[in-house]
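*Asks:* Mind having a look at this structure? Questions to follow.
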Ligand code: SF4
Ligand code: SF4
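Chains as they are written, first to last, in the numbering used here: chain B, 1 to 404; chain F, 405 to 726.
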């Protein structure tokens with residue numbers, strides 16, 4: 001293994017772009033669809049830029065909606081990369097070592113979506129520089145939102161730089177020096193837990209909102225993320241396995257399934273515990289939960305939503321746990337997809353919106369996102385998927401050449 | 405945008421940059437170029453919609469890079485209110501006087517609400533909307549009045565939407581607004597220190613520094629905050645022109661606002677508009693540090709209570725019973 005002449009940082013980027021512009025026809029169509037999605041997002045956002053957040057479904061009562069819901073959920077997806085990082089780098093599990101870069105790519109994509117959701121949710125995005133320590137005025141450590149800004153950006157940096165270093169080394173045809181990146185890997189493992197806990201504390205720390213002001217919030221965030229994140233990664237690995245020449249060992253899928261099942265069961269247990277507390281002896285503070293699960297005075301837009309989520313979640317967890325198809329991917333993969341969607345429903349809208357209903361003065365309203373919110377969300381989703389495909393494609397090509 | 409106009413805009417930017425005092429501002433600007441990349445687009449877009457003069461662009465540019473109000477020197481405060489007054493003239497053709505009166509020493513404002521007397525006329529709401537230039541389009545109101553059944557004392561169990569002749573027999577009325585908490589969760593939440601408690605106890609928002617994240621709104625246990633979801637609209641002839649930087653001046657789109665105890669009035673020794681408007685005398689306002697004030701009398705001689713005392717926010721707003 002000797003360094004390849006004629007390669008440097010510049011050719012690294014040029015090659016990365018070149019590889020991504022090439023590709024089969026279906027792949028190009030996929031890319032174009034993503035571009036169209038982003039176009040829709042920009043078009044929808046232009047309305048928001050002109051008329052403000054009044055074009056969304058949010059009001060003074062439900063003051064956070066679809067954007068913050070998606071943000072919250074995606075933080076979990078980003079944090080879930082740690083479930084690959086931990087075994088790959090710490091326990092030197094060779095199976096995970098081959099897929100960890102993909103997990104980190106997913107984390108970067110998820111974080112970019114998180115930050116985009118925050119930006120589109122802001123009333124004054126042009127004032128975002130007020131948040132930059134030094135030139136702005138940063139309310140640290142008092143504001144949990146200030147913490148969140150720090151940990152999210154830090155995690156993005158860690159998850160981008162470590163893989164970039166490894167990939168660049170492999171691109172140059174040499175072994176990545178583990179002593180150099182190992183401290184950062186350690187850091188990123190702690191950091192993954194921190195982004196999730198801090199985001200949970202964002203809600204948990206508000207005595208004004210009894211539905212969120214609940215010590216189980218942080219741990220439940222983690223459990224549901226470690227179910228949904230690896231479920232997504234399983235799906236992505238399956239796609240890579242079947243559409244590229246980069247083959248993934250079945251052992252990886254088995255190990256991921258174990259992680260998903262354990263996390264999903266812990267998550268359901270905690271959900272059960274919460275439901276018990278709210279409904280065994282409902283108090284004044286249970287109104288949000290009653291609104292969510294049963295509706296109040298005809299306001300019941302979330303009732304079908306949450307019951308769908310809970311039942312799909314339960315069914316998918318059972319399928320993954322008992323494995324009725326004997327490892328048949330035709331059974332397990334849809335189960336992963338359903339689990340992912342179920343957690344998204346519950347940890348997104350199902351968590352954020354009822355926290356704000358009723359208002360602290362007891363008023364109950366319903367919330368529905370408008371087409372602008374849906375359009376912008378589609379755009380951000382497409383952006384995230386684009387980022388992930390670019391990163392993963394580059395990583396796979398480099399890794400494959402390096403392995404040969 | 406015509407090319408002539410573009411040239412004008414350019415010269416403005418140049419003369420802003422050439423002023424020696426602007427070097428820091430420029431560096432600040434350069435360092436956030438990435439973040440403000442879209443600002444240029446937006447700015448050009450905005451001026452395409454409403455053609456702005458070079459002078460106006462210059463003022464807007466200076467406004468964009470100003471500091472948080474609480475760390476401005478008195479000179480900077482004076483400069484920004486002058487700029488805002490000129491912008492109001494240029495953009496909306498209204499003459500406003502924006503003050504920046506500092507808190508008066510040895511004053512801590514407090515409020516008390518007589519639930520025996522209030523009859524639910526909502527004169528206070530109307531006066532507040534008028535005094536504070538609240539958005540008429542979305543019908544923004546700082547004050548909420550709840551119609552209560554006997555046997556309740558928590559406004560959140562009352563009816564805040566009543567629309568009929570008042571007073572109704574066997575009902576009573578409770579008002580709620582921002583309570584100017586001594587330990588305010590909204591202040592703790594804000595990531596940019598855009599909202600804070602002034603020495604006279606008033607919790608204020610710097611409308612220009614706020615980034616519109618609405619974390620404070622989620623953190624407020626009393627539904628005390630209102631957001632500018634769109635552009636506020638007030639008919640020109642109804643604008644209250646005596647304004648304060650932290651009070652009833654025009655709020656930009658996408659920023660948080662709230663009751664300020666009528667800071668533009670109370671810092672000059674007047675009563676808040678709601679207190680003045682109340683026909684039943686249910687509203688009491690005054691200096692908590694003055695032992696002879698009416699509010700101190702109420703706190704001493706009446707049975708008083710505060711809303712959601714258990715959260716520990718220590719509102720400076722008491723309900724009392726005659
Ligand atoms: S009532 Fe709400 S907005 Fe007013 S000071 Fe208290 S927490 Fe802040
Ligand atoms: S909306 Fe404005 S005042 Fe409220 S927390 Fe965000 S930046 Fe602070």
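All C-beta atoms, glycine included, are put in the ideal place defined by N, C-alpha and C.
Only a predicted model underlies this, so the values are computations on that prediction, with no experimental measurement involved.
Taking only beta-carbon atoms, is residue 210 of chain B less than 7 Å away from chain D?
*Replies:* Judged by its chain identifiers, the structure shown contains no chain D, and its protein chains are B and F.
*Asks:* List, in chain order, every chain F residue whose beta-carbon is nearer than 7 Å to that of residue 130 of chain B.
*Replies:* For the purposes of this step, residue 130 of chain B is identified with residue 130 of the first chain, where counting begins at 1. 596, 613, 615, listed in chain order.
*Asks:* Grab me the residues of residue 405 of chain B's own chain with a C-beta within less than 6 Å of its C-beta, minus the 5 sequence neighbours each way, in chain order.
*Replies:* Limits of chain B in this structure are 1 at one end and 404 at the other, which puts residue 405 of chain B out of reach.
*Asks:* Any chance you could list the residues with Cβ under 7 Å from a heavy atom of ligand 1, keeping chain order?
*Replies:* F/582, F/583, F/584, F/585, F/588, F/589, F/590, F/591, F/607, F/620, F/623, F/624, F/625, F/626, F/628, F/629, F/662, F/717, F/719
*Asks:* Apart from the five residues on each side of it in sequence, which residues of its chain come closer than 6 Å, Cβ to Cβ, to residue 708 of chain F?
*Replies:* Walking along the second chain from the start, residue 708 of chain F turns up at place 304. Excluding positions up to five away in sequence, the list reads 722, 724.
*Asks:* State the CB to CB distance for the pair residue 606 of chain F and residue 664 of chain F, rounded to an integer number of angstroms; the pair is presumed to be in contact (CB under 8 Å).
*Replies:* Position 202 of the second chain, counting from 1, holds the residue named residue 606 of chain F. Position 260 of the second chain, counting from 1, holds the residue named residue 664 of chain F. The pair is a contact, with the Cβ atoms about 6 Å apart (cut-off 8 Å).
*Asks:* If you measure between the beta carbons of residue 547 of chain F and residue 522 of chain F, is that distance less than 7 Å?
*Replies:* Taking the second chain and counting its residues from 1, one reaches residue 547 of chain F at position 143. Taking the second chain and counting its residues from 1, one reaches residue 522 of chain F at position 118. No.
*Asks:* What are the uninterrupted segments assigned as beta strand (DSSP E) that are 3 or more residues long and contained completely in the segment 499 to 527 of chain F, given in chain order?
*Replies:* 501 to 503, 513 to 518
*Asks:* Could you work out which residue in F/691, F/581, F/615, F/501 is closest to residue 730 of chain F when comparing CA atoms only?
*Replies:* Past the boundaries of the shown model lies residue 730 of chain F; chain F is included only from 405 to 726, so the question cannot be answered.
*Asks:* Which residues, taken in chain order from the segment 622 to 637 of chain F, show a beta carbon closer than 8 Å to some beta carbon of chain B?
*Replies:* 622, 623, 624, 625, 626, 627, 629, 630, 631, 632, 633, 634, 635
*Asks:* Taking 6 Å as the cut-off, is the beta-carbon of residue 598 of chain F closer than that to any non-hydrogen atom of ligand 2?
*Replies:* Residue numbering aside, residue 598 of chain F sits at position 194 when the second chain is read from its first letter. Yes.
*Asks:* To which residues of the same chain is residue 228 of chain B closer than 8 Å at the C-beta, ignoring the five residues directly before and after it?
*Replies:* Against the first chain, residue 228 of chain B aligns to sequence position 228. Hits under 8 Å: 73, 76, 77, 80, 339, 340, 343, 344, 347.
*Asks:* If you count every other CB in all the chains shown that lies within 10 Å of the CB of residue 638 of chain F, and 16 or more means buried, which is it?
*Replies:* For the purposes of this step, residue 638 of chain F is identified with residue 234 of the second chain, where counting begins at 1. Buried is the call here.
*Asks:* Assuming the contact rule is C-beta atoms closer than 8 Å, residue 122 of chain B and residue 380 of chain B should be a hit. Round their C-beta distance to whole Å, please.
*Replies:* Residue numbering aside, residue 122 of chain B sits at position 122 when the first chain is read from its first letter. Residue numbering aside, residue 380 of chain B sits at position 380 when the first chain is read from its first letter. 14 Å between Cβ atoms; not a contact.
*Asks:* Closer than 6 Å to a non-hydrogen atom of ligand 2 - does that hold for the CB of residue 618 of chain F?
*Replies:* If you number the second chain from 1, residue 618 of chain F lands on position 214. Flag set: Cβ of residue 618 of chain F near ligand 2.
*Asks:* Give the list of continuous beta strand (DSSP E) stretches no shorter than 3 residues that lie fully inside the segment 582 to 630 of chain F.
*Replies:* 599 to 601, 607 to 609
*Asks:* With 16 as the cutoff for other CB atoms within 10 Å, does residue 281 of chain B come out buried or exposed?
*Replies:* The sequence position of residue 281 of chain B within the first chain is 281, counting from 1. Around the C-beta of residue 281 of chain B, fewer than 16 other C-beta atoms lie within 10 Å, and the residue is accordingly described as exposed.
*Asks:* Quick one: grab the DSSP three-state call for residue 563 of chain F.
*Replies:* Translated into positions along the second chain, residue 563 of chain F becomes position 159. Note: residue 563 of chain F maps to strand in three-state DSSP.
*Asks:* So, residue 579 of chain F versus residue 720 of chain F, is the Cβ gap smaller than 7 Å?
*Replies:* Against the second chain, residue 579 of chain F aligns to sequence position 175. Against the second chain, residue 720 of chain F aligns to sequence position 316. No; because the gap between Cβ atoms is not below 7 Å, this pair is not in contact.
*Asks:* Should residue 553 of chain F go down as buried or exposed, given a rule of 16 or more other Cβ atoms within 10 Å for buried?
*Replies:* Taking the first residue of the second chain as 1, we reach residue 553 of chain F at position 149. Looking at its Cβ environment, which holds fewer than 16 other Cβ atoms inside 10 Å, residue 553 of chain F is exposed.
*Asks:* Buried or exposed, going by whether 16 or more other CB atoms sit within 10 Å of the CB of residue 393 of chain B?
*Replies:* By 1-based counting over the first chain, the position of residue 393 of chain B is 393. With 16 or more other Cβ atoms within 10 Å, it is buried.
*Asks:* Residues in its own chain within less than 7 Å of residue 694 of chain F by CB, not counting five upstream and five downstream?
*Replies:* Here residue 694 of chain F refers to the residue found at position 290 when the second chain is read from its first residue. Around residue 694 of chain F: 700.
*Asks:* Tell me the DSSP secondary structure of residue 2 of chain B in three-state form.
*Replies:* Along the first chain, read from residue 1 onward, the residue named residue 2 of chain B stands at position 2. Residue placement at residue 2 of chain B cannot be trusted, given a pLDDT of 48 that sits under 50; the coordinates are not used to answer.
*Asks:* Give the range of the beta strand (DSSP E) segment to which residue 647 of chain F is assigned.
*Replies:* Against the second chain, residue 647 of chain F aligns to sequence position 243. Note, residue 647 of chain F: beta strand (DSSP E), 646 to 648.
*Asks:* From the DSSP output, read off the bridge partner residues of residue 139 of chain B.
*Replies:* Residue numbering aside, residue 139 of chain B sits at position 139 when the first chain is read from its first letter. According to DSSP, residue 139 of chain B bridges with nothing at all.
*Asks:* For chain B, is any of its Cβ atoms less than 7 Å away from the one on residue 710 of chain F?
*Replies:* Sequence index remark: in the second chain, residue 710 of chain F carries index 306 (1-based). Answer no: the Cβ-Cβ gap between residue 710 of chain F and chain B never drops below 7 Å.
*Asks:* With C-beta atoms as the reference, is residue 627 of chain F less than 7 Å away from residue 63 of chain B?
*Replies:* Translated into the one-based positions of the second chain, residue 627 of chain F becomes position 223. Translated into the one-based positions of the first chain, residue 63 of chain B becomes position 63. Taking 7 Å as the Cβ cut-off, residue 627 of chain F and residue 63 of chain B do not qualify as a contacting pair.
*Asks:* Compare the Cα-Cα distances from residue 506 of chain F to each of F/622, F/482, F/519, F/692 and report the closest residue.
*Replies:* If you number the second chain from 1, residue 506 of chain F lands on position 102. Of the candidates F/622, F/482, F/519, F/692, the one whose C-alpha sits nearest the C-alpha of residue 506 of chain F is F/482.
*Asks:* Evaluate residue 421 of chain F with the Cβ neighbour count: other Cβ atoms within 10 Å of its Cβ, from every protein chain shown; 16 or more gives buried, anything less gives exposed.
*Replies:* On the second chain, residue 421 of chain F is found 17 positions in, with the first residue counted as 1. Note that residue 421 of chain F has pLDDT 39, beneath the 50 cutoff, so the model's placement of it is unreliable and the number below is only indicative. Here residue 421 of chain F is exposed, its C-beta having fewer than 16 other C-beta atoms within 10 Å.
*Asks:* Does the beta-carbon of residue 545 of chain F have 16 or more other beta-carbons within 10 angstroms, so that it is buried, or is it exposed?
*Replies:* Here residue 545 of chain F refers to the residue found at position 141 when the second chain is read from its first residue. Buried, since its Cβ has 16 or more Cβ neighbours within 10 Å.
*Asks:* Could one say the Cβ of residue 157 of chain B lies closer than 7 Å to chain F's Cβ atoms, at least one of them?
*Replies:* Start at 1 with the first residue of the first chain, and residue 157 of chain B comes out as number 157. Interface with chain F (7 Å Cβ-Cβ cutoff): residue 157 of chain B is excluded.
*Asks:* Which residues, in chain order, does the segment 532 to 566 of chain F contribute to contact with chain B at a C-beta distance below 7 Å?
*Replies:* Taken in chain order, the members of the segment 532 to 566 of chain F whose beta-carbon sits within less than 7 Å of a beta-carbon on chain B are 548, 559, 560, 561, 564.
*Asks:* In angstroms with no decimal places, state the Cα-to-Cα distance between residue 402 of chain B and residue 375 of chain B.
*Replies:* Counting from one through the first chain, the residue named residue 402 of chain B turns up at place 402. Counting from one through the first chain, the residue named residue 375 of chain B turns up at place 375. So the two alpha carbons sit approximately 41 Å from each other.
*Asks:* Chain B beta carbons: is any one of them nearer than 7 Å to that of residue 460 of chain F?
*Replies:* In the second chain, counting from the first residue as 1, residue 460 of chain F sits at position 56. No - not a single Cβ of chain B is within 7 Å of the one on residue 460 of chain F.
*Asks:* Is the distance from the Cβ of residue 560 of chain F to the Cβ of residue 37 of chain B below 7 Å?
*Replies:* Along the second chain, one-based indexing puts residue 560 of chain F at 156. Along the first chain, one-based indexing puts residue 37 of chain B at 37. Cβ distance not < 7 Å, so residue 560 of chain F and residue 37 of chain B don't count as in contact.
*Asks:* Please identify the residue among F/459, F/477, F/568, F/464 whose C-alpha is closest to the C-alpha of residue 656 of chain F.
*Replies:* Counted from its first residue, the second chain places residue 656 of chain F at position 252. Nearest option by C-alpha distance: F/464.
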